[in-house]
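A.B. asks:
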Amino acid sequence: MNQAVQKRDVFDAIADPTRRRLIHLLSDADELSLHEITPHFPMGRTAVSKHLTILKEASLVHDRRVGRETRYTLNASPLKEVEDWVTFYRKYWSNNMMRLGQLLEEDEE
Amino acid sequence: MSLSLNMDFQFTTSVEKLWNALTDSSKLAKWIADNDFEPVVGHRFQFRHQPNEYWDGIVDSEVLIVDEPNQLSFTWTVGDERHTVTLTIQDMGDGKANLHLEQTGITNEQGLAGAKYGWMAWVDKLVKVLLEQ
Chain A
305 MNQAVQKRDV FDAIADPTRR RLIHLLSDAD ELSLHEITPH FPMGRTAVSK
355 HLTILKEASL VHDRRVGRET RYTLNASPLK EVEDWVTFYR KYWSNNMMRL
405 GQLLEEDEE
Chain B
566 MSLSLNMDFQ FTTSVEKLWN ALTDSSKLAK WIADNDFEPV VGHRFQFRHQ
616 PNEYWDGIVD SEVLIVDEPN QLSFTWTVGD ERHTVTLTIQ DMGDGKANLH
666 LEQTGITNEQ GLAGAKYGWM AWVDKLVKVL LEQ
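For the record, the sequence lines run as chains A and B.
For the first sequence, my numbering assigns the number 305 to the initial residue and increments by one for each residue that follows.
For the second sequence, my numbering assigns the number 566 to the initial residue and increments by one for each residue that follows.
Now the structure itself:
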C-alpha cells in the first residue's frame, strides 16, 4: 500500500480525459516509460509528462528512475475514494426509493 | 471534477402520484428526510437526516427545475461538495412510471462539464476492475 501523502484530490486528477486515458494505458501494462507513453497521445512529451505529474500528486502513478529514463506504474488504490462516492449514493438512493415504493403502495390502499 | 450517478426505478403508480410524492414536503419526509421543501424554483431548503458522528445530517438545497409532472431538480450541498440531483418521471404505460435519478458532483463549477458523460461507465467498469487486481 502506498502511504505517501496525497497532494492532489483524486477526483481532480481523473477529471481530465487525457489522464483517464493514461490510467487505462498504464492499467494494461506493468510499467511504461514516457518514451513509450507519448505516441499514444496527440501531444508532446512535455504535456504528457505534466499529466503524469498530476497523477503522481494524486498517488495514482508511481515513478522510478531506470538509467536515463523514468518509468511509470499505476497505483489504483486512490480510486477507492471515487468508488466510495458512487457506492454511498447508490445505496442511499436505493434505500430511499424502497421507502418511496412503499409509500406509493400505501397510497393505493 | 464532475462525477455522475444515474439510476432508474420503476413504480406501479401514476405519473401524478409519483410527482406528488416528489414534491409534497410531508411525503418527501417519509422517503428522503425531514425538510422544508417547496416546489418553487429558487426556493432554498434543507433535508435534515438523522445526524451521526461524521455528519450533522444537513443537506442544503435550492430548487432548480419544477416541470410538473416531468422533472424536478435541486442542488445538494454537503460541506464542500455541491451536487445536483435531477429526478425525471416517464410514463411507461400499464399503470407504471419510471423515475430516473441523476446526481452529478461538481466541485469545480466550470470547465469540466464536458467530461460529465461517460463518467458512470468509467467508474463502474474500470474502477471496479482496477481495485479487484
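We put the beta carbon where it would ideally sit given N, CA and C, even for glycine.
Quick caveat: nothing in here was measured; it's all calculated off a predicted structure.
Find the nearest neighbour of GLN668/B within the set ASP621/B, GLY607/B, PHE574/B and THR649/B, judged by alpha-carbon distance.
C.D. replies: Numbered from 1 along the second sequence, position 103 holds the residue referred to as residue 668/B. Of the candidates ASP621/B, GLY607/B, PHE574/B and THR649/B, the one whose C-alpha sits nearest the C-alpha of GLN668/B is THR649/B.
A.B. asks: Between the stretch 630-647 of chain B and the stretch 377-387 of chain A, are three or more C-beta pairs nearer than 8 Å?
C.D. replies: Output reads no: the stretch 377-387 of chain A does not touch the stretch 630-647 of chain B.
A.B. asks: Are there 16 or more other CB atoms within 10 angstroms of the CB of HIS344/A, so buried, or fewer, so exposed?
C.D. replies: Locating residue 344/A in the first sequence gives position 40, where the first residue counts as 1. Label assigned to HIS344/A: exposed.
A.B. asks: Residues of chain B with a CB under 7 Å from the CB of ASP411/A: which are they?
C.D. replies: Within the first sequence, residue 411/A is the residue found at index 107, counting from 1. Neighbours of ASP411/A on chain B, chain order: LYS582.
A.B. asks: For the beta strand (DSSP E) that TYR376/A lies in, which residues bound it at each end?
C.D. replies: Taking the first sequence and counting its residues from 1, the one referred to as residue 376/A is at position 72. Where TYR376/A is concerned, the enclosing beta strand (DSSP E) stretches over 373-378.
A.B. asks: Can you tell which of GLU373/A, ASN400/A and SER363/A has the C-alpha that lies nearest to the C-alpha of LYS311/A?
C.D. replies: Here residue 311/A is taken as the residue at index 7 of the first sequence, counted from 1. Per the Cα distances, SER363/A.
A.B. asks: Hey, LEU408/A and PHE576/B: beta-carbon distance below 8 Å or not?
C.D. replies: If you number the first sequence from 1, residue 408/A lands on position 104. If you number the second sequence from 1, residue 576/B lands on position 11. Their beta carbons are under 8 Å apart, which means LEU408/A touches PHE576/B by this criterion.
A.B. asks: Taking a contact to mean a Cβ-Cβ separation below 8 Å, would you say ARG349/A touches LEU356/A in this structure?
C.D. replies: Along the first sequence, read from residue 1 onward, the residue named residue 349/A stands at position 45. Along the first sequence, read from residue 1 onward, the residue named residue 356/A stands at position 52. Their beta carbons are not under 8 Å apart, which means ARG349/A does not touch LEU356/A by this criterion.
A.B. asks: If I measure Cβ to Cβ from VAL580/B and keep anything under 6 Å in the same chain, skipping five residues before and after, which residues do I get?
C.D. replies: Sequence index remark: in the second sequence, residue 580/B carries index 15 (1-based). Around VAL580/B: PRO634, ILE654, ASP656 and ALA662.
A.B. asks: For THR578/B, return the contacting residues in chain A, with the cut-off set at a CB-CB distance below 8 Å.
C.D. replies: Residue 578/B sits at position 13 when you count from the first residue of the second sequence. The contacting residues are LEU408, ASP411 and GLU412.
A.B. asks: Between MET572/B and chain A, is there a C-beta pair that is closer than 8 Å?
C.D. replies: In the second sequence, residue 572/B corresponds to position 7, counting from 1. Yes, MET572/B lies at the interface with chain A (some Cβ there is under 8 Å from its Cβ).
A.B. asks: Note down, in chain order, each residue of its chain lying with its Cβ closer than 7 Å to the Cβ of LYS395/A, except the 5 sequence neighbours on either side.
C.D. replies: On the first sequence, residue 395/A is found 91 positions in, with the first residue counted as 1. If we look at LYS395/A and ignore the five residues flanking it on each side, it has no Cβ neighbours.
A.B. asks: Leaving aside the five residues before and after LEU570/B along the sequence, list all residues of the same chain whose C-beta is less than 6 Å from its C-beta, in chain order.
C.D. replies: Looking up residue 570/B in the second sequence gives position 5. Cβ neighbours of LEU570/B beyond the five flanking positions: GLN668.
A.B. asks: Among the residues of its own chain, which have a CB less than 6 Å from the CB of GLU674/B, if the five just before and after it don't count?
C.D. replies: Numbered from its first residue, the second sequence carries residue 674/B at position 109. The predicted model places GLU674/B with a pLDDT of 40, which falls under 50 and marks its position as unreliable; any figure quoted below should be read in that light. Nothing meets the Cβ criterion.
A.B. asks: Determine which residues share a DSSP beta bridge with VAL363/A and list them.
C.D. replies: Counted from its first residue, the first sequence places residue 363/A at position 59. Note on residue identity: the sequence assigns Ser, not Val, to residue 363/A. Note: SER363/A sits in no beta bridge, so no partner.
A.B. asks: May I ask you to list the residues that DSSP assigns as paired with THR322/A?
C.D. replies: In the first sequence, the residue the question calls residue 322/A occupies position 18. In the DSSP output, where bridge partners are listed per residue, THR322/A has none listed.
A.B. asks: How far does the alpha helix (DSSP H) with THR588/B in it reach, from first residue to last?
C.D. replies: Your numbering for residue 588/B matches position 23 in the second sequence. From DSSP, the alpha helix (DSSP H) with THR588/B extends over 580-588.
A.B. asks: List the residues of chain A whose Cβ lies closer than 8 Å to the Cβ of GLY670/B, in chain order.
C.D. replies: As a position in the second sequence, residue 670/B is number 105, starting the count at 1. Ordered by position in chain A, the residues that pass the 8 Å Cβ test against GLY670/B are PHE315 and TRP389.
A.B. asks: Report the option in PHE602/B, TRP596/B and ASP573/B whose CA atom is closest to the CA atom of PHE639/B.
C.D. replies: Here residue 639/B is taken as the residue at index 74 of the second sequence, counted from 1. Among PHE602/B, TRP596/B and ASP573/B, the Cα nearest to that of PHE639/B is on PHE602/B.
A.B. asks: Check the C-beta distance from ALA317/A over to LEU359/A and give it rounded, since I have them as a contact under 8 Å.
C.D. replies: For the purposes of this step, residue 317/A is taken as the residue at position 13 of the first sequence. For the purposes of this step, residue 359/A is taken as the residue at position 55 of the first sequence. Right, the Cβ-Cβ distance comes to about 6 Å (below 8 Å), so this counts as a contact.
A.B. asks: Using a Cβ cut-off of 8 Å (strictly closer), state whether ARG394/A contacts chain B.
C.D. replies: Translated into positions along the first sequence, residue 394/A becomes position 90. Taking Cβ atoms only, chain B reaches closer than 8 Å to ARG394/A, which makes this a yes.
A.B. asks: Is it buried or exposed, TRP397/A, if we count other Cβ atoms within 10 angstroms and call 16 or more buried?
C.D. replies: Residue 397/A sits at position 93 when you count from the first residue of the first sequence. Buried: at least 16 other Cβ atoms inside 10 Å.
A.B. asks: Among VAL314/A, GLY405/A and GLU335/A, which residue has its Cα nearest to the Cα of GLU373/A?
C.D. replies: On the first sequence, position 69 is the one that residue 373/A refers to. Looking at the Cα atoms, GLU335/A is the closest of the given residues.
A.B. asks: Which partner residues does LEU570/B have in the DSSP bridge list?
C.D. replies: Within the second sequence, the letter at position 5 stands for residue 570/B. Its beta-bridge partners are GLN668/B.
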